[in-house]
Structures are given as C-alpha cells and as structure tokens.
Amino acid sequence: MMIDLLALAVAFPLLGAVVVTATPSHARGLGLASAVLTTLTSLVLSLGVWRDGSVRSDFGGWGAPLGIGLQADGLSVAMLVMSNLVALAVSVYAGSYFSATARRHFWPLWLLLWSALNGLFLATDLFNLYVTLELLGLSAAALGALSGTRAAVAANLRYLLVGLLGSMTYLMGVALLYSRYGMLDIGLLAEVIEPGLVAWTAMALMFSGLFLKAALFPMHFWLPPAHANAPAPVSAALSALVVKAAFYLVLRLWLDLFDPVLNASVANVLGLLGAGAVIWGSWRALRAERLKLLAAYSTVAQMGYLFIAFPLLVATPPGLARDNLLAAVVLLAMTHGFAKAGFFLAAGLVQKTAGHDRINELGGAAQALPAATFAIGLAGVALIGLPPSGTFLAKWIMIEQAMIQGLWWWVVVIMLGTLLAAAYIFRVLGHAFNREPTPYRFVNDARTEIPALLLAFISAFVLGLIAQPLWTLLDQGVLG
Amino acid sequence: MNFDAFLPAAIVLSSMIPGALIFFLKEESHRLRTVLNMTGALVKLVLVIWMIWGVYDGHSYETRLTLAPGIDLVLSADALSVLFVALSTLLWLVTTIYAIGYLEDSPNRSRFFGFFSLCVSATVGIALSGTLLTFVVFYEILTLATYPLVAHRGTPDAARGAKIYLAYTMGGGALLLVGAIWLQALVGPVEFTQGGILGNAPEEIRGTLVIIFFVLLGGLGVKAALVPLHGWLPQAMVAPAPVSALLHAVAVVKAGAFGIVRVVYDVYGVQFAHSNGLLFALGIIASITIIYGSLMALTQDSLKKRLAYSTVSQVSYIALGASIFGPIATIGGVVHLVHQGLMKITLFFCAGNYAEALGVHKVSEMDGVGKRMPGTSLAFTLGALGMIGIPPVAGFVSKWYLGLGAAEAGANWVLAVLVASSLLNAAYFLPILYKTWFRPTPTQWPAEHPHPGRLEIGGALLWPPLITAALALAAGLFAAAPFTPLEWASLIAEREYGR
Amino acid sequence: MITQFLYGGSGILLFLLGTWSFIVHPPLIRKLIAINVMGAGVFHTLVALAYRGLTAPADPVPHALVLTGIVVAVSATALALAFGQRLDRDHGSSADDD
Amino acid sequence: MTPAWAKVLIPIVLIAIGAVLVWAFSLAALEGGDRLALIALERVPESGVSNPITSVLLNFRAYDTLLEVAVLLTALLGIWSLGPAAPAFQPASPILGGMIAWVVPLLILSTGYMLWAGGHAPGGAFQAGALLGAAGVTLALGGDASAGLPGETRLRFLSVLGVLVFTAVGVILMALGYGFLTYPEGYAKWLIIFIETAATLSIGVTLAAAYLGGEPRDERTSRSAT
Amino acid sequence: MIWLLPLAVALPLLLSGVAARPAAWWTPGLAALPALVAAFVIPLGEILSLPWILLGMHLGLDETTRLFLFFTAFLWAVGGITASEALRQDPAAGRFRVFFLLAMSGNLLLVVAQDLVSFYTGFAMMGIASYALVIHEGHRASLRAGKIYLILTLVGELALFVALVLIASQVGLMMPDAADLATLPGGVIALVILGFGIKAGLVPAHFWAPLAYPAAPIAAAAMLSGAMSKTALLGWLRFLPLGDVALPAWGTLLIFLGLVSMFYALTVGLLQSNPRVILAYSSISKAGLFVLVLGIILIDPRLAPVGTAGLVLYATHHALVKGGLFLGLGLRRPDRDPDRTQVWVLAGLVLLAVAMAGGPLTSGAIAKDALKPLLNLTDWGWLETAVMIAAVLTTLLMIRFLFTLWSFPLAARPGDHDPLDPSSTQPASLAVWAVLVGIVAIMPFVFATPGAWLTNWNILLIAFVIAWPLLDAARHHRGLFRPLQHAVPPGDLVVPLRALRIALVWSGRQALRRLARGLARPQTRLTAWIVQWFGPAPADPERSLRDWATAGLLWLVILVALLLALVLTVQNP
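Protein chains in written order, with my numbering: chain H, 3 to 482; chain W, 124 to 622; chain Y, 73 to 170; chain D, 352 to 577; chain G, 5 to 577.
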C-alpha cells in the first residue's frame, strides 16, 4: 500500500465533487467530509515537506519530460496550507450559508475548484498548469454566478471571458516554449532555457495572460463586480485564493523557470503595475459604497503589494536578505488569503442580517453581530498591515529591503497603500459604533461566525507571531 | 520554563487574556466581568512588583520571540520600562474601578472593557519593548485598541473624534514605521540599549540618522501631541471620562513621550543626539508645544478640552526633559512621566465626576462645586496645583528637576519656558479652583443625578481620584523616599549616563 | 519546413485576429467567437509543431495537447454560452452594457 | 465610448506583437529539433495502446486528461447552476424525425467504433464522446425534450462517471502500490479502455446535457408533473 | 528636642485637615504653640534631616531664624486665637481656618527650613494659601485684591523658583552661605530681589498690599503684614551674598529701590484715610528700609554682621508692632458706648503707633538704634538725612493713622465680626493682644542697652511740630484736606496698571483667538479633506477602465512593455 499524498490532494476533492454531484441530497455532509479529508491530506503532506523536504510524484511512472507529475516544495506547500485551511473554513461556513437548492450547485463546483487549486499549487508541467487554470477559471466563474442575479451572471461571464483570454495567451507562450525546447516540465526547462527572443516572448505572453487572471492593475476591471456580486463564501474563495493562484504561478515561473531570462526592468514593470494597483485599488475601496465592493477593491490593492515584491527581489542579492524577502512575499499572500476570506465571510453575515451591504447603513447590523464585526476588524488589521498581523511582518521586511537597496519609492507606495487601507477599513468599522441596542451575545451563529472569526484571527495574530515555520518550510525548496 | 524569560510576557498577557475573554461575555454578566477585570489588574500588579524588585537587584528579564530571521519581538525590563509599566499597572487598576462605576448601566460594556484591557496590554507592551520593532508593534496595537474606546459613545461627535484620532495616529504610526525600518536598514536590528547604539555610527550616515530622527519624532510626536501634531487630542475628548483619563495620563500620550525618551536615550544615545543638535531641536519643539498648549487651554470653556490642551502642554515636559543634556533634566523628564500621569488622571476623573453627578461640563458652570462635591474638588485642586508646579505636589518635583537640569546644562531659556508655562497653567487652573471653592453654589445644576448614599457620588467614582490625588501628593511630599518615581527616575538617569 | 511555417504563421495570425476581435467588438458573443478563433490559432501553431517532415511520424505530444485544449475550450465555450443565454433570457440582449 | 485612437492603436500594437511572435516562432521552430517526439514514440509500446496520441492522452499525460474531463464536468455543473433550461425548440418536422430514427443508432454505433479504434488509430474517448453527444443533440433537435438522456439520478451518475472511474482507477492503483494512474504492466490496455469507455459515456452525456442546458429536473417533481 | 521642629510645621498642616469642621474652631489658636515653644528650646545649629520628605528635608534653627521663629510663631498664635474667636459665627469660617493653618504651616516651614526645596515649599504654600485668606469675605474689593495678590505672588514665586534653581545648580540643595552665593550670576540677585520684593511689598511691586490688607479679615491682614512679609527679609538674608563680596552696583540699586519705596509709600500713605491702608503703606516703607540696609551691606560687606543683627531686630520689632496694630484695629468698637476695654485698646494702639514711629523707650527706638551704625559708617552722608526725613514722615503717618482711628467709620462688614453684636466681645483675643502689646513694651528693656532707649526722640519732636498745625487746620476747616484724601486711591499703581491689564488681556485674547483660528484652519481643511474622502463616492471613475477596448489596449501595451523591458535592457550577467 502506498499513499501518494500529492495525488490525493487533488483526487479527494475531485472524488468528493463526483460523489456530491451524484447524490445532491447529501451534498452538505459529503461535501464537508471531502473538505475535511482534503484539508487533512494537505496538512499531512505539508508536514512531511516541512520535516523531510520537497516531494515529487510522477504519475504513470514515466517521469519528466514525457510524463506529468506533481511536486510539493516549500512555496507550494505554504500556499497549499493556506488555501486548504481557508477552503475548509469557507466550507464550514457555506454549510449553513446556502439554501438547500443553492447547496446542490455549490458543493460540486466548490470541490472542483478546490481540486484545481491543489492541482495548481502542486503542478510542475506548463501544459498541466493550463488545464488546472481552466478548471479553476470555469469553476470560479460558475460559482460566482451562483446567486443568479443578472449582475452576477454578467460579471462572471466577463470574468470567464477575460480568464479565457488569459489562458489562451498563456497557452501561446507555452506553445512557444515547447517549440523551442521541446519540454513542458518546469524543472527541466529551467535547466536549458536561455535569454533570447523566444524565452522573452514566451515570458511576456505567459505573464500578461496571468496578469489578467491575477487582476493586476489595470487589468483588474473584471474583479470588483465579479467578487462583489458572488455569494459570500464564493467571494471569499475567489478573492482569497483564486487570484492568489495566478500570482503564485507568476512567482513560481519567475523563480523557477525564467530566472536566467529576466532582469530588473521587467521587475520594474511588474512593480509599477503593483504600485498602480495599490494606489488605485485602495482609493477605489475607500470610495466604494458597498461593503463587498470595498473588499473586492481591497483585493486589487493587496495583489499590488505582491507584485511590488518583484523589483525588490531582483534588486536584492541572493542570500539571507533575499530569502527573507521571498518569505515575506509568501507570508503576505498567505495573510491576505486568510484575512480577505475572513472579511468576506463576515461581510456576508452582515449583509444577510441587514439585507444589503451599503456601508453607510450598516450600523445596526454591525452592532447586532459583534463576532462578525470583530472578524471584519481583525481581518482589517491584517489588510492594513498593522501588527501583529503577518502583513505587518511582511511589509516590514519589504520596506527594510527597499531601504537597504535604496528603492525608497516603493516604500512610499507601500505606506500610502497602508494609510489608505486604514482609511477604508475604519470607514467600515466606524459604523459599528453607534447607539443601537446592546447585543445579547457575542456569537450568534457559531457555524458561520466562528469560521470567519478564526480566519481573521489567524491573519491578524497567528501568522505574524508564529511565522518562523514558514521560513523552515521555504528552506525546503525555494530559498537558496 | 524559565520564569525570568516569561515574566515580561506574563505582564502583557495578564491584561490581554482577560480582555480577550471579556469580549465573549454576555452583556449582563457584570460580576464575572468585574472579576476578570480586577483579577487581571491585580495579577499584573503583583507581577510588576516582582519585576520592580528584580530590576532593582539588577536582574534582567527578557522574552524573545523570533518572528523571522533577524526580526525578533523582544519584551525586556530595564529601569525605564519598569517605571512606565508600574505607572500603567497602577493607574489601570484605579481606572478600572472608576470605569466600572462610571459605566454602570450603559450599553456595550463587554466591548468597552475588552478594548480597555487590550489598551493597557498594549501600553505595557510599549513599556517593555526591548527593540524598536517591538515598540512599533505595540504602538500600533495601542492605536487599534484605543480607537473603539474613543468611538465608544457612538454619537456623531464620537465618530468624528475617533476618525480624526485615527487619521492622526495612523499617519504617525506610518512615519514611525518608516523611520524604524529605515534605521534598521542602516544599522541592523535596533535593540534599546542604555547609552544608545549609534554612538559610533560612521560619519557618512550621520546625516541620514538625523533625518531618521525627525521621521521617528514625527511618528512619536503625534501620540505625544507635539505641536503641530496635537490636533487629535482635543477632538478625542468625546470619549467617556475613564478613556480620556487613560488616554491622557497613561496610554496614548505617554506612549509617545516614552517613545521619545527611548529614542533619544536608548537608540540614538544622548551623547550622539546632543552632539548632532537633535536635542536642541527637540527642546525647541517641546517648548513651543508647552507654551502653545497652555495658551490654547486658556481659551477653552469646556473643562475636558481645557484639560486636553493642558495635556498637550504638560506631556512635552517629558520631551523637554529628554532634550536637555544632563542627568538631572533626564530625571525631571522621566519622573514627569509618572507625575503628570497621576495628576492628569486625577483631573480627568474629577471632570468625569462633575459631569456624571451634576452635568457640569464647562468651566463656567463650576461655580461652587466645591461645596457640593468636596471630595472630588479636593482631588481636583491637588491635581491642578500639581500641574502648576506648586510644592509639595508632585508636579513641583518634575519642574524643579527640569529647571535644575536646564540650569546645569546652561540652557537658561528653558527656565523661561518653565516660568511662562507655570504662569499660564496658573492662569487656566486657578480660576477653576476659585470657582470651585469661592463662588456661591447655583440653585440648579445643569443635570444633577443625586446619589443616594452618604457620599457625594458613588464610591467607585470618588475613591479613584482621591487615591490618585493622594499618590500625586505623596510622590511630591516623599519624593526622596526609596522606590518613589523620583528615586526610580534617578536610577534610570544614573544608568543612562552611567559611564 | 515551409509548410510548418505556413501553418504556424497562420496560427499566429488567427491568434492575433482573435485577440483583435476580442478587444474591439463589444458583443459578448463575438468575444466568445474571438476566443475560439484565438484557441484555434494556438492549436494550429501547436499542430504545426508536431510536423516533423513527411517521412517521420508526427510528434504525438502536441496532438494530445491540442485534443485536451479543444475539449477545454469547448467546455468553456459551453459555459459562456449558457451564461450569455441566461443574460439574454433576462433582458433580451447579451450586449455588455454595464 | 471606445476612443478612436484606441481603435487605431490596437491593430498597430497587435501587428507589432505579431511580428515578434512570428519571429520568435521561426527561431523556435528552427531550433526545436525532435522535442518529445522520439521519446514518446519510443515508449508507445509500453503504454498499452499502439496509437501514440492515445498513449500520450491516456497514459503519459493521463493526469491532464483526467483534469480535462473534470473541466467538462465543471462546465456542465456551471450550466446546471444557472437554473432551468431555456424554452425548447419548435418541434422538428416529421422528415427530420425519420432521419433521426436511423442516424442516432448509427452515431451510437460509430461511438463504439471510435472508442475501440482509439487504441491503435486516430480516435478515442473524446471523438467517441463527441459522437455520442451528437446523437443526443440530434434527438433534441428532433423534438425529444430530454435529448434521450435518462432521469436526474442516472444522468448525474453518467455525467460524473468519467471522472469517477478515472480517479478511482488512479487511486486504486495507488493503493495497490503502483502509484497514481500508473498502470501495471499488462493491464494498461484494459484499464485504458475501461477508462475511455466511462469517459465516452460521460462526455457524450455531458455534451448532450450541456446542449439542453438547465439543471436536470428533480425526478419526483417531474414524475408528479406528468 | 529637635523633633519639635517638624512637629511645629506638621501640626498646623495636620490640623488643616480637620479644621473645616465647626467643632474644630479652636485649631488656629493652638496650632502655632509647638513652634513658639520650639523657638525657645531648640538648640541652635543642630540640623534635623528627614531624607524622605521632599527632596530631603532639613530643618534647624540658627541665630537669625530663632528670632524669626519666635515672632512668627507668636504672631500666628495671637492671630490664630483672634481668628478662632472672631470668625466663630462666620459660616465660611471652616474654609478660612483651613487656609489659615496651611499658610501658617508654610510660614513656619520656610523659617525653619535648612534646604532650598523646603524653603520654597513653605514659601509657596504660604503664598497660595493666603490668597484664600485675602478673598475670604468675598466682596468685590476682596476678590479684586485677591486676584492681584495672587498674580503677584505667583510671579514672585516663579522668580524665586528660578533663582533657587540657579542657586541649587551651583551649590546644591542645602541653604547656601554667602561664600557660595558670591559666584552666582547677577540674574540670581535680581530674581531674589524681585521674588521677595513682591512679598515684602517693595515699590513698584507693592500695590497688592494696600488692596489686600483692608480686604482680608483682620487676623489675616495682621499675618500678611506682620509675619509673612518678613519672610522676604529672611529670604534676602539667606540668598543675597551678604558679607562675602562687595557688589556696589547691586548695592546702589538696592539703596535706590529702598529710598523710592520709603518715600513713595510714605507720601501716598499720608493721603489715605483707611487705617488699614495706612498700615499697608507703612509696611511698604519699611520694606524699603530693609532693602536700603541690604544695599548698604552689599556695598560694604564688612557691615554684614552688624547689619544682619540689626535687620533681624528691626524685623522682630516691626512684625510684632505691625501685627499688633492690625489686631488692635480688629478689637476697636464704635465709640457709641465707650467702655473700659476700648480705652485700653486705644491706649495699646497708641503705644504701638509710637513704637512704629520709633518713639523713645519703644521697640522702635532700639530697632533704629541697631541700624544706626550702618548709616553712620557709610560714605554717603546724605543717606542718614534721608532716613531721618523718612522717620519724620513715618511719624506723621502714624499720627495720621491714629487720627483715622476716629475718623474712619467702623462699619459692619460681611464676614468680619459685627461690632454691634454684644456677643462679639473677644475676651481671649483681647488677652493675647494685651500680651503682645506687653511684649512690645518690654522689648527695649530686654534687647537693648539703656543707651538705645531714647534714640529718635528728636525726630518725634520734629514730626509733632509739623503735625500739630496740620491737625489743627484740619479740625477747623473740615474738607481742607479732602481733595488730597482722594488724590491717590489705595493701591496707587493699580489704576494705571488696570488699564494696561485690560488692554493686554484684550489684545492677548484677540491674538490668541487669531492664533487659534490660524492654526485651526489647516486642521479644519485637513478634517474636511478627510471627511470628503470618507464620504460617498463620486461618479465611477473606473468606467473607462472597464471599457473593453481601453482595457484591452492597456493590456497589450503592458505585454509590449514586458517584451521591451526584456529585449531592450542589457542582460544581467
């Protein structure tokens, strides 16, 4: 008997989706069971990587370059842990969030999305990545439209089309690489790739395709309506995980594949776009009238921070400092995952209670749901980057490296974004303080409020204070 | 586990854990909430006393949590931190009692006390911070924990005040963060070290270090309410009285002032700061703040606003003390940290009592309150006299040391500042005292809530100001006794200059 | 070789045409068609790569990739059409007008 | 609302990109050499099928194919999630009905052939599934509101069958110690055919159902309705 | 035994805690007794240190302060008994007692203090607490007097604060001796003169006194003029570098100040009609005399021992006499029903007035005698003449004082005792006052040799020669001097100062308001900006970004940018 956890991390949710599709009346129970099983698998896998180093599994026994396999190293496992924990919380939340009919549609699509995510984080093959991207994009768009409103369907159709455009462009890049090097495995390609027009063009195509999916400014236009109109648990997953997956791919390709090809200028292009995202997204979030729209724009902004890391990464010479920086980027991504998911889940509760999510009229609902408001607050702490959240630590490291390298303008952008974030988060929280009647209890509905609270708590406290394991983890693979 | 390595963390946690638990309490569980509050406060007090003994004996306590390679969260205890910790702990205890009395029958108390405890945890964390990073962490947490307290009332005014408070402190926090990281980028992890760590910084980065100093000062100055960064303070007066008391006496402004002291002494080193002209600049800013705050206080009719501007003015004494080169002035500045805390918290408690019992919010309404509320007014009088610097109340001791330090450093202009400030203090406090004691009682108070008992107001509201006033008096009257703030400040100065 | 270039080049041309159409034509249905044209272009290019001369057997890998790609594209198209249909049913027009 | 200059600029930029692409492609194609062709062709005999494309699809890169079937399932689920189907077509003319009567069996027959042929010649599960789907579509065009599809329970089962069998085979093989989707020697051919059969059914059903659109009607409600 | 000193200071302080209760009406009378005892029994030169109190409290007595402690304690005791008795019926008496005791404690502390901080503490406590005594009666005049008193007191205390800080920075916290002080910068001397000058009522910082003395209850006025104003002299003796270095410039300045004070106060005093005001101006002129003598000592340090002793003796004399005069005023009753006690009161007052004028066989005479050597030894011969003229004027002032005893109405004033109320007879006060007068009377025979007894008789004679025709004229032509009487209101300088103050306050307020407004403007703007940003969103600025073509073009441009960035940049090695 041999347990291939890598395969199981993808197979479990897939099987779960199959089973749930076949027996829709038991969707919740079976769905939750697969969620737990998948999360456990991922955690055990991560633990293994954390302890023993990266793992690879070649399906069919062919091995690269002919066959495909999955590989778990520190970076992928970090994202895996984050997304699985978030997904588990979302699952628990969704278990009581959806009505019986919506549940039948939610669970299979949700588990498919999950398996796409796991597959994406573990993939090593460029074409396989294309397929997982499509699986992810389709399931995400379908989930996003689940509320069935016209706005949601329109927004998600747009998302679907943009995603397809991105995929096609990415695929063109892959085709170019294959035509030149005759390989699709990232690891093998990295050994032979050399600077030149082919690699450059491929990189430009693949990255610009992924930018679309990562909603990088100014290609973010599809994100706010799509994320704001989706049901809360779906918004959480979309904002926290799906766009993050595209970023992960950019980072992964940057580090593992295109490292010999790239240079500071291209990093600066990424950084500039990131800076634009930070400023524009934060400002738009500040002016947003609806809570979920605010959260969606906040996602745009937060994605920007991740891209600002690239010029810093390029500028920093290899060594401890660069490792720190890399870990900071991953930490930032993880923290945002937890925080944004927690935020959306809590926002969903507030929206449900209030019947709308217009920020200026939320006072009563926010007051009636202390736990949800608290979750928004805690998630807000992480979104702003206040201590002791992981974002704070990450920003600290980023700013420090920027200062050391003399790239102070990125610091200005980061701080500006931070202040704007504070403004938009507290704009929401400000409405939680008014003279509504005292709530009877802190927690009203444990099954929805506790997941939100936990996610927010992890983002605001755990990741910042107990980040050390992440470094250990990243030592297994990505860090020099 | 080694207890020495756990003690600082335990002190922080002793209020944080009750605070976190309180959030989950039902609104009606008064008793449990009170028990939690008081247990936390008392446990903290015991731990702090333990720590005081230890630090006095030269023990070192350090909790170190590595966040990332090269980035450590360090809680450690030296003489300066213990001073601030002791102040916060003591005043927290008193303020908790006061707040329990003050907020009787008002809504959202679980939320209030939860944040209240977090606020103190953050303050204690600031006090015990062993590195600049740790300081920044708790500094920001403090902002977070106080915002809900300022906004607590939920009125449009409160919301506005809280917004302004937030805008200022977040901006300050950002500056501080940038400054701290910049410094760290230049010289590596910044651990607070007696005598500073920049003493032998290479010549070529000195200019940058000076710029960083002002960036840090900008960040700290917001909380310390240095002019022109003080704008939030009068606006934050919308908060309930215990919050104002805490904000002004212990937590927020003190955090800023404490930070300035830390940066001057334990980061830059007073020698470095002196020789690069930083102290002089700080002194000028502090002096302007002192005079400006007093002038503005003169123009206020609202009692709490007058007290707020008074805080603007008084807290800068601490910065002023830090800005004068020499151990005596250092003592003056550091000891004012405690003295101002004791006196100002008394004043705010009293202002709260007047508002609570009589509906008196304005100076012009205070005619004859002394006869109606003698206990409160006595405490108020002591606090006010201390602020002016009349012996034997504690404020005099601070002023004396500041003056003496200035004289020894040859900075006679500081004496002029002290004199002007004292005169202005007298000008805005003495009329209040006059009204309190010598004016006839009006026939009707603005909004009187008669208290059923024998006392003028509930015991939980009366005793805290009396206790703090007595402490302020004792701190001046027995200034030279062992373990007084003054003696402790001398110990700090001795260790800072002790080379 | 020429054949390969011809195929590959036309694939790229299709890809560009699709991109152009996607960008400039507002109706969503046209965008969907444009996407499929783009896909066809990419697949074209890939298939061209498989060509290894008249004598040697073609490279099977690009073929397999194209097959997979086609199915994926079909699935996406199906879903997008269903979305469009849903919008149509609600408002009678699938024009993106928000 | 699109600015005029954008309309001019877009083609220009695209042409520039195109030029670079063509140039890069020529460079790449020239230097590409044999790529994976030789390795793949060399190992086809080990794959259990003789058609190189099928061996890539179902063996070398079987995982891709698994996900691809999942994508198809996702699309179907997405379509279902959009609610009930749009109003049906006008009933077809009798002539069409007559044609359908013999086209559909033919299509199903071809499906079987395609499936079988995939092992050694062009063909395989997707082609077969497409034919099967076509049969359904033809039925629908002919006026069969359900496109010949079974009731909800069976429909759901059939639509997931491909993914189910594929994954289950993978996991069982893994449990048996061979590794995920690693066919033991000698069983490869039969396992591939097994998977392909299931996939064909699923693909066919999925395509037909996707064509119909709308979530499958609950059997109980539909039964009570009729 | 030395423990009597802290007790002497602490007792009034502790009693002040309970004095507010009606049952504690007796507290002011008893509080000064330990101090009085201490003045006699404490050995000189011994210093008690209480290191925990303040910054380390040191108490002790030396030759100078023993006498100071004696008359201070004695006056406070007499005043305390008077106050206890006089104010028993006053509803606000409790408050008065509290502050009376606080002022007493401060006064005693500063006398026995041997370190700077304790001295300052005592000085400040005394000064601030006396404010409450001045305004006790609460009418407009006393409030105004109190305000002016308080402002000047604070200024004085702050000047002293700075001076002490500067001294402490040179010589430490203990009482400095002259040698220590010699090296101090001149500013310190100026501050010491200013700080104590206000307390003593030195012109031009004198004007609080003629306002405060009449406004305060009689016992308080007695303490202010008798005991408290003497602390200024003590301060000068302690903090001016007497006897170590010659500082001719400062000496000249002091002499000048003293002369101005003397003549100005005496002249203005003669024009007053309220006996209390007259006494106030008398005090001011005496402050001038002290300063004058100090100036002489500064010019010629060799005179220090003699001068100091003389000054102390003079201070004792003046304190007792001035205190007695005030307290005697309080015992006066209208003549409507003259009884025997009133005759004795009048007799006592006359005796005290003569003593004040320096009449022979009085304490005044011996005090003058004690200072004589200084005036003789100096090079400035005219000084003696000036002092003599001043003495004549003083005598005239005393005559004027006695005259006003009859002419000035003894109206009943709220808060003061009611002279028409038979229950307001004050047997205890009378008794202690009698003791005081007795002590003054025997003073010359205790403190001086017979040679000094008759000093000044000639001056008295001259004064009578001048006064007689004037009195006569006044009697025959009522209204002759009336224009003069109102020429200078009590507090003289206050009138122009008041205008100045109004102008200053007004313009200060204006300026403050403008400053506040100016500073608030950026803040308001910032706030408005923040509020605007927090407010509702404007029209969607992202609309164009959502346009497919624009977005698509941007995307393509980014693609090109990526390509260009890769192609155009020189590759990293």
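For glycine and all other residues, C-beta sits at the position ideal for the given N, C-alpha and C.
Please read all numbers here as calculations on a predicted model, not as lab measurements.
Check: For Y/Pro98, decide whether its Cβ has a neighbour in chain G, counting only Cβ atoms nearer than 8 Å.; Outcome: yes
Check: For the segment 508–590 of chain W, which segments carrying the alpha helix (DSSP H) assignment without a break, of at least 4 residues, lie completely within its bounds, in sequence order?; Outcome: 517–532, 535–561
Check: Which term fits W/His572, buried or exposed, when burial requires 16 or more other beta carbons within 10 angstroms of its beta carbon?; Outcome: exposed
Check: Do the CB positions of G/Leu40 and G/Gln118 come within less than 8 Å of each other?; Outcome: no
Check: Using 8 Å for Cβ pairs, my map puts H/Leu251 next to H/Leu199. What's the rounded Cβ distance?; Outcome: Their Cβ separation, rounded to whole angstroms, is 22 Å, which puts H/Leu251 and H/Leu199 out of contact at 8 Å.
Check: Per the DSSP calculation, H/Leu351 is bridged to which residue(s)?; Outcome: None; H/Leu351 has no bridge partner.
Check: Count the other C-beta atoms from every protein chain shown that fall within 10 angstroms of the C-beta of H/Asp60, then say buried if there are 16 or more, exposed otherwise.; Outcome: buried
Check: At what residues does the alpha helix (DSSP H) containing W/Ile223 begin and finish?; Outcome: 202–225
Check: In terms of residues, what are the limits of the beta strand (DSSP E) holding Y/Tyr123?; Outcome: It is not in any beta strand (DSSP E) - Y/Tyr123 carries neither H nor E in the DSSP assignment.
Check: From this set, G/Pro55, G/Ser88, G/Leu9, which residue's C-alpha is nearest G/Gly49's C-alpha?; Outcome: G/Leu9
Check: Which residues bound the alpha helix (DSSP H) around D/Asp495?; Outcome: Neither: D/Asp495 is in no alpha helix (DSSP H) and is coded neither H nor E.
Check: Quick one, are the C-beta atoms of D/Leu542 and D/Phe531 less than 8 Å apart?; Outcome: no
Check: What three-state label does DSSP hand H/Ser56 in the structure shown?; Outcome: coil
Check: Counting Cβ pairs closer than 8 Å, one from the segment 100–120 of chain H and one from the segment 134–146 of chain H, do we hit at least three?; Outcome: yes
Check: At a Cβ cut of 8 Å, what residues of the segment 79–95 of chain Y count as close to chain D, listed as they run along the chain?; Outcome: Gly80, Gly81, Ile84, Leu85, Phe87, Leu88, Thr91, Trp92, Ile95
Check: Going by beta carbon distance, what residues of the same chain come within less than 7 Å of H/Ala91, once the five residues before and after it are set aside?; Outcome: Ala343, Pro453, Leu456, Leu457
Check: Are H/Gly321 and H/Gly306 close, meaning C-beta to C-beta below 8 Å?; Outcome: no
Check: Along the beta strand (DSSP E) that carries H/Gln73, what are the first and last residues, could you check?; Outcome: 71–74
Check: For G/Ser427, does the count of other Cβ atoms within 10 angstroms reach 16, so buried, or fall short, so exposed?; Outcome: Its pLDDT being 48, under 50, G/Ser427 is placed unreliably in this model, and the value from its coordinates should be taken loosely. Result: exposed.
Check: Look at W/Thr257 and W/Leu298 and say whether their C-beta atoms are less than 8 Å apart.; Outcome: no
Check: Is W/Tyr184 helix, strand or coil by DSSP?; Outcome: strand
Check: If you run the structure through DSSP and keep just helix, strand and coil, what is G/Arg521?; Outcome: helix
Check: Buried or exposed for H/Gln73, please, with buried defined as at least 16 other CB atoms from any protein chain shown within 10 angstroms of its CB.; Outcome: buried
Check: Determine contact between the segment 273–281 of chain H and the segment 292–306 of chain H, defined as no fewer than three beta-carbon pairs at a distance below 8 Å.; Outcome: yes
Check: Take Y/Arg158 and list the residues in its own chain whose beta-carbon comes closer than 7 Å to its own, dropping the five residues that flank it on each side.; Outcome: none
Check: Let's test the definition: count the other Cβ atoms within 10 Å of the Cβ of G/Trp7 and tell me whether it reaches 16, buried, or not, exposed.; Outcome: exposed
Check: With DSSP as the reference, identify every bridge partner of W/Ala191, one or two as the case may be.; Outcome: W/Ile194
Check: For a contact defined as C-beta to C-beta under 9 Å, what are the partners of Y/Ala106 on chain D?; Outcome: Going along chain D, no residue has its Cβ under 9 Å from Y/Ala106, so there is no contact; the nearest lies around 12 Å.
Check: Please return the same chain residues whose Cβ sits closer than 6 Å to the Cβ of G/Asp425, not counting the five positions on each side in sequence.; Outcome: In this predicted model, G/Asp425 has a pLDDT of only 48, less than 50, meaning its place in the structure is not dependable enough to derive any value.
Check: On the DSSP letters alone, give me the boundaries of the beta strand (DSSP E) that G/Met61 sits inside.; Outcome: 61–64
Check: Report the option in D/Val371, D/Thr405, D/Pro396, D/Leu392 whose CA atom is closest to the CA atom of Y/Arg124.; Outcome: D/Leu392
Check: Say whether chain D places a C-beta atom closer than 8 Å to the C-beta of Y/Thr75.; Outcome: no
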